[in-house]
Amino acid sequence: MKNIIIFLIFLFFLSSIQAQIKDNKAPLPGPAPEVNLGKYESFELENGLKVSVVENHELPQVSFYLIVNRPPLMQGNQAGYIEAAGRLIGTKTKTRTQNQIDSTLDFLGAKLKTFPGGVFATTLKNNENEVLSIMSDIVMNSIFTQKKLISVKERMKLEFENRKDNPQTIINTVSDVVDYGRDFPYGVHPTNETLDNITLKKCEEYYSTYFRPNISYLAIVGDITGNEAKSLIEKYFGSWKKGKIPEFKYKIPQQPDLTRVILVDRPNSTRADINITYPVILKVGSDDVIKSAVMNTILGGENFRLFKDLTEEHNYAYGVFSNLSPDEYAGNFTITTSVKNYAADSAVSQILYEMKKIREDTVSENELFKAKNYLIGNFALALQQPQTVAAFIINLDRYHIRDNYYANYLKNISAVNKHDVQYEAEKYIKPDNANIVVVGNADKISEGLKKFGTVSLYDKSGNNIKGISIEIPKGLTGKLVIENYIKALGGKRNLEKVKDRTTIMTGNLRGRKMTMTVYQKEPDKMKQEIIAGSLKQIVYFDGTRGVMKVADKTLDIKGQELEKLKYESMLGLLTHIDSLGIKFKLEGAEIVEGKKAYKVAMILPSCTKWFQYYNADTWLKLKESENIKVPRGTFTEETYLGNYKEVDGVKYPFALKQSVGSQELNLTVDSIKVNTGLSNSLFEIK
Amino acid sequence: MLKNIILLIIFSFFGTECFAQLKINFTEYSLDNGLHVILHKDNSAPVVAIAVLYHVGSKNEQKGKTGFANFFEQLMFAGTKDIAPGQYYKYVRDAGGELNANTSQDRTIFYETLPANQLDLGLWLESERMHYLIIDSSSVKTARELINRERLRKFNNRPYSDVLEQIFRHSYKIYPYSWVPVEPIQYIDKASIKEIKDFYKTYYVPNNATISVAGDIDIDKTKELINKYFSSIPKGENKIYRLSVIEPKQTKEIVDTVYENVKMPAVIEAYHIPAFTNKDFFSLYMIAALLSSGKNSRLYKSLIEKRHLAEQAEAHSFGMEAPGLFVLLGITEKNVDPDVLKIAMNTELDKLKDHLISKNELQRLKNLTAEKFIEANSSDAGLAENLAEFSALYGNANLINTNLQSYLNITPGDIKNAAVKYLGKNNRVVLYYLPVSAKTSGKGGE
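Going down the list, the sequences are from chains A and B.
Residue numbers for the first sequence follow our numbering, beginning at 1 and rising by one.
Residue numbers for the second sequence follow our numbering, beginning at 687 and rising by one.
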């Protein structure tokens, strides 16, 4: 009896195991492969250049990677000069023009790239002499011209302009400032001003000081032998002269004592971009690098903990990842994600929860297994590129890493266990000493973030704007602000004298010059004509009807758009507020473009709200903000007003900057003519 | 003037035609079930790439029953008996690997790169889908959605997106190159599950497949593994119909106009050329490079830089299993008559027929060709793909070592002769792409 029962239990047990096995029949990986960097030789020239050669004779190609191992530098008020110098290197040498360099390389089928930190070149085996001749010429005899510098600066300024409102750019810049501080090279970012300041002398100084053999490493990978390399490098780089390299000491950047929130207001944002970030001490080539990589993958790799939590479980984000980067001077840990506005604080909560969890509990065998496999694959595949091999060879030397570090890398990943992971988590995951940097619509998200620590408002460049709340004088109301505004403009009497007005403005729309002429006549007639190249657009408002004419089409303006047009067309809006039924409500005070401003909501009879910001000192209007609805969605249109000048007793802004979404339009007023006797026929809608 | 002469003299001393012989070693054999195997050992990086080529492309489709070949490129990622739907990618990604696939008129190829210790995984994955693919309404539906997304990406209001389709349709009357793998509307959209299963049983079989493995492998161990995963897969039972039809020689110029939503008119010319392994193909390949390989090439210099006739000007030589096409494309600059551009393009071709190209120009092309070849074979995946293709389509995997030399042996005379022989009026199709508005105004081809 007993035997049968035992047998039945056993049978049941066996079939359930088989069911499990059927679920995953994929073969298991073999033991981690050894990294074979190939036959590799090193030698040093008399001038200090350290050369390594990795032979690979499969294909008749050779690559040369020269890296200049200079210290990080404080760029000061010419921030960006290092990048500029990097772009100038290779444009001209003592004996070659840019055209000669480019056409020779094109002829030879060779590639050459220059960076602020070195030069890389790839060539067919039988063209190696010619390419090395060019490469060494660029490294040793580069010449920078003022003309080329101007063009490089223009380009860098354009790139800066195009990127500066991008939430990714903002969060990266501010994270760097907050992680490293402005006294450390990594915390310094270029601005329009610093780019303007860059001088030829500074770039030349950079090049002649740091492009020296005694701090440089050259890795050669490909179809070449050690002996061939020796004679080639001696021939082309032997005459490169040593230089004295200055040394600098920097204070090690610190994690914050307490977790804090750094908030950058970006009113146009419909999402909140979040970085949870701080500096760490993690040197290239240390054992911590390998073990902490496993830990970091489990926390924030694709399809691992943070990803499953924020995307699959909670649907806050499309993606989230964590990055733990080693660096000789200051490493970094950052978790990055982008979430819907309403989820900003919940997402931060979950991230902090995961950070605590990986410190407190050991990870599962399954997670460990998956993380290691993923890392092994990643690392192995990267080794296909000669660039990776070159970087590793150079690292061994410049960071004084033990010889077999890379050879055993995969084996060492394999050997990481869950206690190693917990140790690394305790060492590097710091939910209580983190900078929570958020870029988004402060109005919507700042309240919820207060629970994580002090919230400080920063601008796009990483400057701390003192405090979110600014004191409002007792008794100040929206109506009073408007009355002061009217006085500042020139007073009610002068405003009422304006019966018609013609304003001519010029601007730049996506690289094209545009001219805008606005005709207005009492009480609310308006005609706005925009010409940009061959494009022409006219908007009419005749008091009741509004149309837009563009190309051969006439479009009727309706609804909220029509309402907006009506009120914006009114010449005498400010002097007829009560009779129009418009109300003003003081909403608070804010910093706008560095100035203290009162925020006032202008409420139209239809209950549409427009927000206006008045300079607390001069009472002039600094900014207007309206929500506009287009088929694509709702956008915030912001208009900044400046350069007020008087025309016939009334002040008008002569500089306007309008942004909708990521589009920005700068307008300059060329002329304002008042009371020229505009006829009604001008406003007739034909 | 002097500067250019000096440059010319300097160039002529450089880059002799002496070129190191390529020695890419490989082992080649077939299993009893017909699966052709090529193995290449390269221990320089701890990775292994597996490429499986099925000798089926859009040319194997029946006229009017198109779309199967490209459809299978998507369907092969569906579930199998031991792989849940959507899992295929995950296995490779979780292993830190990469994968991809592509379809042409001649063949369909799948490949993945994995760390060297996951060779088992890669071979298992490919063996699973070679024989145990689950073809049902669910997997077919998913594949159809992916195809539609692909079409949206390729065709949705993108100007000139159907150029290839039009060129091939106009150029081939008999040979099934007259349609291309992806077209906006294809029979596959309404094919039955049975038809799809038949296609699988006919073409996705070991005797129609070549597997090549390149990377950090041990040859003997790999042979064992291939045996383990593939030898039990039975040979296909259905007859594989190999094309024997030949496209008759074109004797008269064909001209047509396509009216589409394009801003600028374009002119496209397609000439019939021999297949990939024909000696003349190499010359035509070089001609394409001479005409369009960056800012120092002839079309760019004369049509774009000097005369401002074209916004874009390109030449491509399609090297295929059967005789393919040499294509010239020019998109006009604003207010340029497409006929003027056409005449200018043809003047460049005439130059090749009348004058030998200089040794320097030819040397530049050879450098470029060598560089491209090396780049295509510098990853294990690229190598695996090329070995499989050379073997399956052209019957000679060793082309990987001899092909480059064939290009390097071309002389200026070869180029001139090929231009004269193939780039003539009666051997071509001319297509004008004009905006729809031009239709009513009566403009069009000659």
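We treat Cβ as the ideally placed atom computed from N, Cα and C, and that holds for glycine.
Computed from a predicted structure; not experimentally measured.
If residue i and residue j are in contact, beta carbons under 8 Å, what's the gap, nearest whole angstrom?
i, j, result
"V421(A)", "V294(A)", "6 Å"
"A764(B)", "E1071(B)", "That belief does not hold up - the Cβ atoms of A764(B) and E1071(B) are roughly 22 Å apart, past 8 Å."
"I401(A)", "N395(A)", "6 Å"
"Y644(A)", "L622(A)", "Going by Cβ atoms, the distance from Y644(A) to L622(A) rounds to 10 Å, so no, they are not a contact pair."
"T799(B)", "A1067(B)", "5 Å"
"Y1093(B)", "Y945(B)", "Actually they do not touch by this definition, with Cβ atoms about 39 Å apart."
"L708(A)", "L449(A)", "The structure shown does not extend to residue 708(A), since chain A is modelled only from 1 through 686, so no value can be given for it."
Out of the options, state which residue places its alpha-carbon closest to the alpha-carbon of residue i.
i, options, result
"T502(A)", "Y210(A), T515(A) and K521(A)", "K521(A)"
"F967(B)", "D822(B), L811(B) and L1109(B)", "L1109(B)"
"K585(A)", "T477(A), K558(A), I67(A) and T608(A)", "T477(A)"
"F541(A)", "L571(A), A551(A), L232(A) and I531(A)", "L571(A)"
"A616(A)", "V600(A), V674(A), N627(A) and S456(A)", "V600(A)"
"L383(A)", "S823(B), I769(B) and P801(B)", "P801(B)"
"D875(B)", "R855(B), N711(B), F916(B) and L832(B)", "L832(B)"
"R493(A)", "H576(A), G559(A) and Q385(A)", "H576(A)"
"K914(B)", "E1061(B), W810(B) and K745(B)", "W810(B)"
"T123(A)", "H419(A), P386(A), S216(A) and I290(A)", "P386(A)"
"V674(A)", "F683(A), K657(A) and V647(A)", "V647(A)"
"T225(A)", "P326(A), L88(A) and Y40(A)", "Y40(A)"
"K148(A)", "A84(A), E205(A) and T95(A)", "A84(A)"
"P862(B)", "N1087(B), A1008(B) and I1060(B)", "A1008(B)"
"V1013(B)", "D884(B), R1114(B) and N719(B)", "R1114(B)"
DSSP puts residue i in a beta bridge; with which residues?
i, result
"N786(B)", "Y797(B)"
"G440(A)", "D265(A)"
"D556(A)", "V547(A)"
"T636(A)", "N627(A)"
"N1046(B)", "According to DSSP, which records beta bridges pairwise, N1046(B) is partnered with nothing at all."
"K340(A)", "R271(A)"
"Y519(A)", "T502(A) and K527(A)"
"K513(A)", "N508(A)"
With DSSP collapsed to three states, give me the class of residue i.
i, result
"Q146(A)", "helix"
"M74(A)", "coil"
"A19(A)", "Reliability of the predicted coordinates at A19(A) is poor, the pLDDT of 34 falling under 50, and no value is obtained from them."
"R855(B)", "helix"
"F654(A)", "strand"
"V35(A)", "coil"
"L976(B)", "helix"
"I591(A)", "strand"
"E1132(B)", "The predicted model places E1132(B) with a pLDDT of 42, which falls under 50 and marks its position as unreliable, so this point remains unresolved."
"I233(A)", "helix"
"M687(B)", "Confidence is the limiting factor: at M687(B) the pLDDT is only 41, short of 50, which leaves the residue's position unreliable and the question unanswerable from this model."
"T1126(B)", "helix"
"I465(A)", "strand"
"A1074(B)", "helix"
Which chain A residues sit within Cβ distance under 7 Å of residue i?
i, result
"A802(B)", "P33 and A380"
"L1054(B)", "G109"
"Y846(B)", "Result: empty, since nearest Cβ-Cβ is about 24 Å, beyond 7 Å."
"I710(B)", "E58"
Counting only Cβ pairs nearer than 8 Å, list the residues of chain A close to residue i.
i, result
"T799(B)", "L381 and Q384"
"I1060(B)", "L59, P60, Q61 and L124"
"Y1093(B)", "Within chain A, no residue comes near Y1093(B); the closest Cβ sits about 12 Å away, beyond 8 Å."
In chain B, which residues lie less than 7 Å from residue i when you measure between Cβ atoms?
i, result
"K124(A)", "Just to set this straight, residue 124(A) is Leu in the shown sequence, not Lys. N1053, A1056 and E1057, listed in chain order."
"L410(A)", "P732"
"N373(A)", "D780, A781 and G782"
"A26(A)", "Y777, L807 and W810"
Which residues in chain A have a C-beta closer than 9 Å to the C-beta of residue i? List them in chain order.
i, result
"N982(B)", "D102, S103, D106 and F107"
"R835(B)", "Ordered by position in chain A, no residue passes the 9 Å Cβ test against R835(B), which lies about 18 Å from the chain."
"S1065(B)", "Q384 and Q385"
Who are the neighbours of residue i on chain B, taking C-beta pairs under 9 Å?
i, result
"G235(A)", "Strictly speaking, residue 235(A) in this sequence is Lys, with Gly absent from that position. Correct list: empty, because the minimum Cβ distance to chain B is about 16 Å."
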